[in-house]
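Per the numbering used here, the sequence shown starts with residue 98, numbered consecutively.
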Amino acid sequence: MPANQHRLPRFATDGGISWSSWRKLSKRQRTITVAVAAISVSLLVLSPISVSRKVSNANTNSTGASEWVPFTPLSKAKENSAFCLDGSVPGYHIRRGFGSGSDSWLLHVEGGGWCNSISSCAARKMTKLGSSTHMESVVQFFGILSHDPLQNPDFFNWNKVKIRYCDGSSFSSHPDSELKNGTKMFFRGQLIWDTLMDELLSIGMSNAGEALLTGCSAGGLATLIHCDDFRNILPKDVNVKCLADAGKDIAGNHTIESFYHDVVYLQGVAKSLNHDCVARSEPSKCFFPQEFIRNIKTPLFLVQPAYDFWQIAHILVPDSSDHHGYRNSLLKTLNSVRKTLNVGVYINSCFVHCQTWAAETWHSPTSPRINNKQQLQKQLEIGTLKEQQPSISIALFRAILLAIIEISLLGDSKNITRSAILFYHL
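Okay, structure coming up:
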C-alpha cells in the first residue's frame, strides 16, 4: 500500500470515492466535485432535520391505542345468509363520530380485485379477501378515515366505517349462481351489502345529516355500483354523495374485458348492475363504469390518477404498455362525464393506484394538491412550511451526493444535472 494512502480520509478506502478514481478526474471535474461536496455539507448542516412534534404529528399517524379500530362481525350475517367466499361472517370497523361530526357518516369500501374462476375464488377464500378468519382483528385508520384533525380536517370527527371486502365481486354477486356452477364458494356479495346497510342504519346512520360513500379500486367500483341505492336507503333530506377512488377501470382491451365477463357470469353479478345499462348492453360491459356512470343520479366525485399503475399493468398488455396511451384513453372515456352536471373529477399525474386512504397522498406536505392550496388551519401554516423545507433540502443533498459519485466514477460532469433532477423527484 502506498505510504500516502494512509493520509487519505477514511471514507476513501471504505467504499466511497476511491483515490484511483479521484486521480483520473480532470482539474475541472475535481473543482466541481469539491464545490458540490461543500454545498452538500452546507445544506445538511443548515437544514432543520427535525421539526416540532406538533407539526410532525399532523402528517403521520400515531401508533397509539386510540388509532386501532376493532373488527365488528355482522350481527345478522347468519340469519341473512350473508357470508364471505368461504362461509365466514363478514364485517367492518367503525369509529364513532363526535362533536359537529356526530351526525355525519363516511363509509369506505376496501379494495382487493375480483375472482373470475372457480380456481381463483378457491385461492382467494384462503386469504383475507375471501375470509374473515384471515382478517386482522384490529386495523389503523389512515387518510380519509383518520381521526387526526390535522391529517383529515374535513372528516376527522365523522362516524367512519371501513367495510371489509371478502366476496370478490365488488359486493354484487348472488347466491343463485352457486348452484348453477356447482361450487363450494358462497357468492353473497349483494346480501353482504344489504345486511351491512341495514346494520349501519340500525346503529345510527338512519339519523345522519350527511353521508359520504367512498371506496378504493374494487371498492371504488362498489361505490359506483351501489351509489344510488345508498342514496335511496337514507331519508330524502340527508345530504348524500359518493367518491370513487381509482374505481374507473377502462374497457378496450380484450384481457380485462374477458376477465370482467367471467366475473359477471360466474358470480351472477348482472342483477346488481345498473338496469338501464343492462337493458341496452351485454351485462359484463356494465361492470365498466364508463358504461353506466352517466346513469348515476347521486352527486359523484372521481379521484383518478392518469397513470394508475394497477390499471396500466392489468388493463394494458405488459409487453406493449404505453403509459401515455393509458392516460389518453382514460381522458377520452371521461369526456362523457364532463357533460354530466352531478359528476366532478380530480385527475393527477401520480403513478399510484389508490390515494384517499393513505396519509401520504391524502393530506401531507407531499400529497397532490391544486394550485399548491392546503387545507390545514391557518395557524399551522408556518409549521407546515418548516416541515417541508428539510424534505426539500434532504432530497437535494441525496441528489448532489449521487452526482458526486457519478462524476467520480464516470468522469462525466454532465451527469450532475440529470442525477439531481432524478433524485430530487424521488
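All C-beta atoms, glycine included, are put in the ideal place defined by N, C-alpha and C.
Boundaries of the beta strand (DSSP E) around Leu310: Glu307 to Cys313.
With respect to the 7 Å criterion, Phe284 and Val166 are not classified as neighbours on the basis of their beta carbons.
In summary, Asn371 is buried, with 16 or more beta-carbon neighbours lying within 10 Å of its beta-carbon over all protein chains present.
Non-local C-beta neighbours of Ser229 in its own chain, meaning closer than 8 Å and more than five positions away in sequence, comprise Phe168, Pro170, Cys181, Ser185, Val186, Pro187, Gly188, Arg261 and Cys263, ordered along the chain. Put simply, the backbone Cα of Ser355 is about 19 Å away from that of Ser274. The DSSP-derived three-state label of Lys257 is strand. According to the DSSP assignment, Ser201 belongs to the beta strand (DSSP E) that extends over Ser201 to Val206.
Taking each of Ile390, Gln364, Gly365 and Cys374 in turn and checking the Cα distance to Leu318, the smallest one comes out for Ile390.
Ser369 and Arg221 have their C-alpha atoms some 22 Å from each other. Distance between Gly441 and Gly279, taken at the CA atoms: about 43 Å. With a cut-off of 8 Å on Cβ pairs, the segment 330–345 is in contact with the segment 383–400, counting three or more such pairs.
When only Cα atoms are considered, Ser199 and Trp255 end up about 6 Å apart.
Ile241 is positioned such that its CB atom lies closer than 7 Å to that of Thr453.
For Ser197 and Ala305, the gap between their C-alpha atoms comes out near 12 Å. Comparing alpha carbon positions, the residue from His190, Lys173, His231 and Leu204 closest to Gly316 is Leu204. Nearest C-alpha to Pro332 among Leu321, Lys175, Met302 and Asp359: Met302. Annotation for Gly194: Asp200, Ser201, Trp202, Asn254, Trp255, Asn256 and Lys257 place their beta carbon closer than 8 Å to its own, counting only its chain and skipping 5 residues before and after.
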